[in-house]
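These notes are about the structure you will find just below.
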Amino acid sequence: MTRSIGFVLYPDFQLLDAAGPAAAFELAGRISGQEYALSMLSRHGGVVQSSARIAVQTLPLDAADVFDTLITVGGEGHDTAMRCAGLRAFLQRHSGRTRRMCSVCSGAFVLAAAGLLQGRRVTTHWQQAQKFSQLFAGIRLEPDAIFIHDGPVWTSAGISAGIDLALALITEDHGEDVARQTARQMVVFYRRPGGQSQFSALLDMGGGTARFDALLGWIRAHLSQRLTIEVLAGRMAMSPRHFSRAFQATVGTSPAKAVERLRVEAAHERIVHSAVPIEAIALATGFRDPERMRRAFVRVFGLPPQAIRRAAR
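In terms of UniProt numbering, the sequence shown has 185 at position 185, counting the first letter as 1, and numbering is strictly consecutive.
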């Protein structure tokens with residue numbers, strides 16, 4: 001059975017949002033012996049230029065058939081795309097006929113503007129999370145996820161996460177063996193778990209200076225210890241009050257919140273990639289009490305540790 005997949009493009013779209021998943025589907029079709037029919041679509045058809053100034057030939061939306069899967073890509077032009085009445089009408093018209101409605105990166109803005117994400121859990125690129133929440137307050141955004149599957153709707157994070165999304169869709173279509181072979185051909189990891197963090201807390205912190213880099217690395221290596229303000233200030237040879245102010249100004253968050261974020265990230269890695277009991281992980285990462293760890297996970301990921309482990313499996 002040939003499955004048809006349409007990629008919805010618009011001027012200044014992100015090239016890899018379309019090319020990455022398309023390559024995955026192409027390879028999966030060869031491996032499985034059941035090729036995907038891939039189509040690039042745009043409002044009026046013809047040549048559409050990406051933000052990289054590389055152009056792609058497309059079919060007009062009006063000429064499109066019913067698709068098994070529609071994938072709306074992201075990119076710098078998403079603000080204009082989400083205001084396009086013809087594009088919104090196309091997505092709305094196909095939402096009841098398409099088995100899977102998907103977005104990559106800021107393509108989620110276009111689906112949300114078309115009213116297709118109400119009542120669903122979704123994700124998008126972490127840099128766009130605040131903007132998305134302001135525009136679509138009624139949609140439950142989980143900004144730290146690589147991809148999220150909620151009913152017929154699949155949304156993914158930025159750029160390379162579109163490949164993770166495609167591998168997940170391939171798994172649903174053809175099973176894990178085909179998806180794993182596809183990932184091997186592409187020289188990428190086989191399907192990162194949907195709840196995996198989009199970025200490392202260590203990379204996100206730092207405020208553009210190296211002042212507290214060594215301390216953050218030390219914290220990451222000593223999470224099981226009691227990491228009080230006094231302990232951390234002592235490591236920097238600063239008074240607790242001066243340390244707290246300087247850390248907040250440089251890193252952009254309080255020492256306590258930074259420690260919690262690093263603990264959550266380390267615990268998340270062990271929950272997803274090991275079978276160690278959750279209680280033992282809470283102890284090893286400094287939470288000590290599993291309930292404290294559960295509350296921290298809900299704040300960061302929107303899900304408790306048990307749910308993330310089930311999803312990873």
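Where a beta carbon is used, it is the ideal one built from N, C-alpha and C, also for glycine.
- How would you call residue 298, buried or exposed, if buried means at least 16 neighbouring beta carbons within 10 angstroms? Along the sequence shown, read from residue 1 onward, the residue named residue 298 stands at position 298. Looking at its Cβ environment, which holds fewer than 16 other Cβ atoms inside 10 Å, residue 298 is exposed.
- Complete runs of the alpha helix (DSSP H) confined to the region 249–296 [at least 4 residues]: 255–273 and 278–284
- Item | Local conformation of residue 194 per DSSP, three classes | Taking the first residue of the sequence shown as position 1, residue 194 is located at position 194. Only weak support is given to the placement of residue 194: the predicted model assigns it a pLDDT of 47, under 50, and the value that follows is read from those uncertain coordinates. Here residue 194 sits in coil by DSSP.
- Message: Tell me whether the region 255–264 and the region 285–298 touch, counting them as touching only if at least three CB pairs, one residue from each stretch, are closer than 8 Å.
- Response: Segments in contact, yes.
- Take the Cβ of residue 195 as the centre, count every other Cβ of all protein chains shown within 10 Å, and call the residue buried at 16 or more, exposed below. Walking along the sequence shown from the start, residue 195 turns up at place 195. The predicted model places residue 195 with a pLDDT of 47, which falls under 50 and marks its position as unreliable, so this point remains unresolved.
- Thinking C-beta only, is residue 40 closer than 8 Å to residue 56? Here residue 56 is taken as the residue at index 56 of the sequence shown, counted from 1. Here residue 40 is taken as the residue at index 40 of the sequence shown, counted from 1. Yes. Within cutoff.
- Just to confirm, are residue 111 and residue 101 a CB contact at a threshold of 8 Å? Translated into positions along the sequence shown, residue 111 becomes position 111. Translated into positions along the sequence shown, residue 101 becomes position 101. Closer than 8 Å, so yes.
- Item | Extent of the continuous beta strand (DSSP E) run through residue 153 | The residue given as residue 153 occupies position 153 in the sequence shown. First-last of the beta strand (DSSP E) with residue 153: 153–156.
- Query: Around the C-beta of residue 103, are 16 or more other C-beta atoms found within 10 angstroms, so that it is buried, or is it exposed?
  - Reply: Counting from one through the sequence shown, the residue named residue 103 turns up at place 103. Buried, because 16 or more other Cβ atoms sit within 10 Å of the Cβ of residue 103.
- Query: Of all the options 305, 116, 148 and 138, which has the alpha carbon lying nearest to the alpha carbon of residue 263?
  - Reply: The residue you call residue 263 lines up with position 263 of the sequence shown. Comparing Cα positions, the closest option is 305.
- Query: Do residue 69 and residue 34 have their C-beta atoms closer together than 8 Å?
  - Reply: Residue mapping note: residue 69 aligns to position 69 of the sequence shown, counting from 1. Residue mapping note: residue 34 aligns to position 34 of the sequence shown, counting from 1. Contact: no.
- Query: What does a CB cutoff of less than 7 Å around residue 255 pick up in its chain, not counting 5 residues either side in sequence?
  - Reply: For this step, residue 255 is matched to residue 255 along the sequence shown. Cβ neighbours of residue 255 beyond the five flanking positions: 229, 232, 244 and 247.
- Task: Could you name the residues of the same chain whose beta carbon sits closer than 8 Å to that of residue 215, not counting the 5 residues immediately before and after it, in chain order?
- Result: Taking the first residue of the sequence shown as 1, we reach residue 215 at position 215. Closer than 8 Å at the Cβ level, and outside the excluded window around residue 215, lie 232, 235 and 236.
- Message: Here's a check: name, in chain order, each residue in its chain whose Cβ is nearer than 6 Å to the Cβ of residue 153, leaving out the five neighbours to either side.
- Response: Taking the first residue of the sequence shown as position 1, residue 153 is located at position 153. For residue 153, where only same-chain residues beyond five positions count, the Cβ hits under 6 Å are 101 and 120.
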